[in-house]
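Down below is the structure, laid out as structure tokens.
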Amino acid sequence: MPCADDARPLRDEVVATRAADLCKAAESVADPASRPYYIIGTEVPVPGGAHEDLQELALTRVEDLAKTIEIHRRVFEAHGLQRAWERVIGVVVQPGVEFDHARVIDYQAEKAQALSEAVLRYERLVYEAHSTDYQTEAALTNLVRDHFAILKVGPGLTYAAREALFALSHIEQEWVTDRPLSDIRAKLDEVMVAQPKYWEPYYGGTEAERALARKYSFSDRLRYYWPDPTVEASFQVLIKNLSEPPPPLSLLSQFAPSAFRAIRNGELSNDPLSIIRHRIQEVLGMYARACGMSQTEGG
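Quick note on my numbering: the sequence shown kicks off at -4 and runs consecutively.
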């Protein structure tokens, strides 16, 4: 990521030098019995999904990959980090997957074949695939098969948590009649409108389109607002309202059907925090299975 006074884009040499500086600092305090491993790269994207036209999405070029690896190796050696270089295990690349506010570009193995095969030239290295949020489980499995073995996911998990929270808020609205409601969806949007810095530069269009994006965009800019005191207080009301006592199964079946099935199967307790975690674990389970770590949902 460039600093405020950097020329953009950063030259590969600058990226590699900064990576080596960070590595040297890490090595200086690392436990000798448990040294860290490292991932390098010059194509690390900005957080939160794409801003460019997804129709023009470009994969990492094989020649750029070779240049990145060679420059980092040379700079690490110049910094006296030869042993640390032996613990560089991954390179960040763009394998042709991305998402924006409403669309997802799925992995297409045939387009990434040359890049996939290129990593076989390098001992120990695999790829880190960025922006794998919202890929299908089949696509994730194919990415791992093709040596994109480290799968980055961020907004896809906070989006899943948001899905569960919104479902719970609908249950609360239908069920609770004898005490104040959390109104968490409305409170969240009020805070976002009052403090637009985290979403306004990202969401364009009409006011109606921006309002929809604030709630449902795959970029999930609302994740930055959960720690707000007003939102946190509303969240606590929601949790209390759905804990004492828990909501009826019929409403869970309507608004959170996968949690309903897990509760009916004895795999999940009927409490709101467990339901939120369950939705996140459903997404994590796809990544775990794609990586061969688990065959059960949640990993």
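Where is the CB? At the ideal position from N, CA and C, for every residue including glycine.
On the three-state DSSP scale, how would you describe residue i?
| i | result |
| --- | --- |
| Glu47 | In this prediction, Glu47 scores a pLDDT of 49, lower than 50, which makes its location untrustworthy; the coordinate-derived value is nonetheless stated afterwards. It is coil, neither helix nor strand. |
| Tyr211 | helix |
| Tyr282 | helix |
| Tyr33 | strand |
| Tyr219 | helix |
| Glu38 | coil |
| Thr12 | helix |
| Thr201 | coil |
| Pro224 | helix |
| Leu247 | helix |
| Arg256 | helix |
| Leu263 | coil |
| Asp0 | coil |
| Glu239 | coil |
| Asp26 | coil |
Grab me the residues of residue i's own chain with a C-beta within less than 6 Å of its C-beta, minus the 5 sequence neighbours each way, in chain order.
| i | result |
| --- | --- |
| Leu5 | Pro(-3) |
| Ile145 | Gly85, Glu123 |
| Gln108 | none |
| Ile258 | Asn265 |
| Arg218 | Thr153 |
For residue i, does the count of other Cβ atoms within 10 angstroms reach 16, so buried, or fall short, so exposed?
| i | result |
| --- | --- |
| Met281 | buried |
| Val24 | exposed |
| Tyr33 | buried |
| Arg216 | buried |
| Pro196 | exposed |
| Pro267 | buried |
| Asp141 | buried |
| Arg78 | exposed |
| Gln89 | buried |
| Ala14 | buried |
| Ala97 | exposed |
| Asp231 | Looking at the sequence itself, residue 231 is Gln, so the reference to Asp does not match. Per the 10 Å Cβ criterion, exposed. |
| Leu115 | exposed |
| Thr201 | exposed |
| Arg274 | buried |
Might you give, ordered along the chain, the residues of its own chain that have their beta carbon closer than 8 Å to the beta carbon of residue i, omitting 5 neighbours on each side?
| i | result |
| --- | --- |
| Val278 | Val148, Gly151, Leu152, Ala155 |
| Glu47 | Residue confidence for Glu47 is low, a pLDDT of 49 falling below 50, so the modelled location carries little weight; the figure read from the coordinates is stated next. So the list is empty, once near-sequence residues are dropped. |
| Ala2 | none |
| Ala285 | Glu132, Leu135, Thr136, Leu138, Val139, Leu146 |
| Glu72 | Trp80 |
Leaving out the 5 sequence neighbours to the left and right, which residues in its chain are closer than 7 Å to residue i when beta-carbon positions are compared?
| i | result |
| --- | --- |
| Ala21 | Pro31 |
| Arg119 | Ile84 |
| Gly104 | According to the sequence shown, residue 104 is Ala rather than Gly. So the qualifying residues of the chain are Asn137, Asp141. |
Shorter than 7 Å, the distance from the beta carbon of residue i to the closest heavy atom of the ligand MG, or not?
| i | result |
| --- | --- |
| Ser264 | For the ligand MG, the structure offers nothing, since it holds no ligand at all. |
(message) So within the segment 55 to 135, which uninterrupted alpha helix (DSSP H) runs reach at least 4 residues, ignoring any that extend past its ends?
(response) 57 to 73, 77 to 80, 108 to 113
(request) Tell me the start and end of each unbroken alpha helix (DSSP H) in the segment 124 to 196 that is at least 4 residues and wholly inside, in chain order. (result) 132 to 140, 150 to 170, 179 to 189
(message) I want to know whether the segment 126 to 135 touches the segment 187 to 206 - three or more CB-CB distances under 8 Å.
(response) no
(message) Count Cβ pairs between the segment 233 to 243 and the segment 163 to 175 that sit closer than 8 Å; are there 3 or more?
(response) yes
(message) I want to know whether the segment 211 to 220 touches the segment 247 to 261 - three or more CB-CB distances under 8 Å.
(response) no
(request) For the segment 51 to 65 and the segment 172 to 182, state whether three or more C-beta atom pairs, one from each stretch, are separated by less than 8 Å. (result) Fewer than three pairs of CB atoms, one per stretch, sit closer than 8 Å, so the segment 51 to 65 makes no contact with the segment 172 to 182.
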